[in-house]
Amino acid sequence: MRLQMRWRQEQAEAEERERPARRQRLTLQSLKQLGQMSPPPQIPSDIHCMVIIGQIEGHMLLPAKNKTTKYEHLIPQLVAIEQNPHIKGLLVILNTVGGDVEAGLAIAEMIESLSKATVSLVLGGGHSIGVPIATAADYSFIAATATMTIHPLRLSGMLIGVPQTYEYLEKMQDRVINFITGHSRITEERLRELMFKTGDLVRDVGTVLVGKDAVAEGLINDVGGVSSALRKLKELTSLKGLYRKNGGDE
């Protein structure tokens with residue numbers, strides 16, 4: 003009995019000695035991951051935030067020095083969001099240079115097909131294949147200083163110089179154009195005009211749209227930031243909740 007009590011006392015003393023070191027490890031981990039001394043408090047919310055940054059990685063691994071978003075990580079998250087009854091809305095924040103066309107379109111199609119309310123917010127940049135992802139949401143915002151680059155598709159690697167290669171490239175281009183025009187107010191004619199414009203980019207063909215220009219062209223719904231996006235998302239979640247309550251079909 004005495005041995006057992008002594009063992010418990012030693013265990014308690016060991017835990018007490020370990021506590022400051024454990025607290026220090028947690029503080030250092032928080033500082034490393036979040037850039038602050040203590041993690042933010044966990045507040046229950048029915049809104050999920052998904053961040054798409056860097057380059058969208060597709061079927062090929064990008065170099066380790068590249069900051070990437072892997073589509074195979076996002077797709078299961080989107081499935082989980084759709085199945086989770088506690089999540090009413092999705093906020094998609096973009097600051098991406100673009101990336102793999104098929105991976106980007108897959109993400110855009112998944113966001114577009116969600117029954118939950120969705121709002122996208124472009125911060126910094128939403129370039130290339132980031133454009134259809136931004137337009138896939140129910141409502142889209144762009145920061146006043148953020149930019150979007152519209153340009154034709156590019157191919158990398160070995161190409162076979164036959165007509166079929168260029169026909170396939172044209173089909174891929176049409177897939178992107180059809181998605182963007184189907185989920186925004188821009189016309190196909192105007193989008194192609196911006197896409198093949200010369201003189202705007204130094205070493206490429208295309209157009210750079212800044213904030214209000216993207217709204218004026220009909221790609222994005224409004225200029226705004228985090229507060230505007232969350233306000234709109236709460237409005238949409240309320241509308242969708244009322245729609246379901248009345249027995250409507252999504």
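For the sequence shown, position 2 (counting from the first letter as 1) is numbered 4 according to the working numbering, and the numbering increases by one without interruption.
Note that the Cβ used here is the ideal one computed from N, Cα and C, for glycine as well.
Quick caveat: nothing in here was measured; it's all calculated off a predicted structure.
CB of residue i within 8 Å of CB of residue j, strictly
i: Ala136; j: Leu76; result: no
i: Tyr141; j: Leu238; result: yes
i: Val225; j: Ala105; result: no
i: Leu80; j: Leu116; result: yes
i: Leu107; j: Pro134; result: yes
i: Pro154; j: Met197; result: yes
i: Lys1; j: Gly91; result: With the chain represented from 3 up to 252, any question about residue 1 goes unanswered, as that position is not in the structure.
i: Tyr73; j: Ile58; result: yes
i: Thr167; j: Val210; result: no
i: Gly101; j: Ile131; result: yes
i: Ala231; j: Ile222; result: no
i: Gly220; j: Arg177; result: no
i: Ile179; j: Glu195; result: no
i: Glu169; j: Ala138; result: no
i: Ile89; j: His50; result: yes
Rounded Cβ spacing between residue i and residue j (contact assumed at less than 8 Å)
i: Ile55; j: Thr98; result: 6 Å
i: Ser121; j: Lys234; result: Per the sequence shown, residue 121 should be read as Val rather than Ser. Right, the Cβ-Cβ distance comes to about 5 Å (below 8 Å), so this counts as a contact.
i: Met52; j: Val103; result: Wrong, their Cβ atoms sit about 20 Å apart, outside the cutoff.
i: Leu193; j: Leu171; result: With a Cβ gap of about 17 Å, Leu193 and Leu171 do not count as contacting.
i: Thr1; j: Gly201; result: Residue 1 lies beyond the range of the chain shown here (3 to 252); nothing can be said about it.
i: Thr70; j: Leu64; result: 5 Å
Start and end residues, alpha helix (DSSP H) containing residue i
i: Gly106; result: Val103 to Glu114
i: Met174; result: Pro165 to Gly184
i: Met197; result: Glu190 to Met197
i: Ile253; result: Within the shown structure, residues of the chain are numbered from 3 to 252, placing residue 253 beyond reach of any answer.
Limits of the unbroken beta strand (DSSP E) element including residue i
i: Met52; result: Ile49 to Glu59
i: Leu296; result: Because the chain is modelled from 3 through 252, residue 296 falls outside the range shown and cannot be assessed.
i: Ile83; result: Run containing Ile83: none in the beta strand (DSSP E); it sits in the alpha helix (DSSP H), Tyr73 to Gln85.
i: Val212; result: Thr209 to Val212
i: Thr149; result: Thr149 to Ile152
i: Ile1; result: Outside the displayed range of the chain (3 to 252) lies residue 1, so it cannot be described from this structure.
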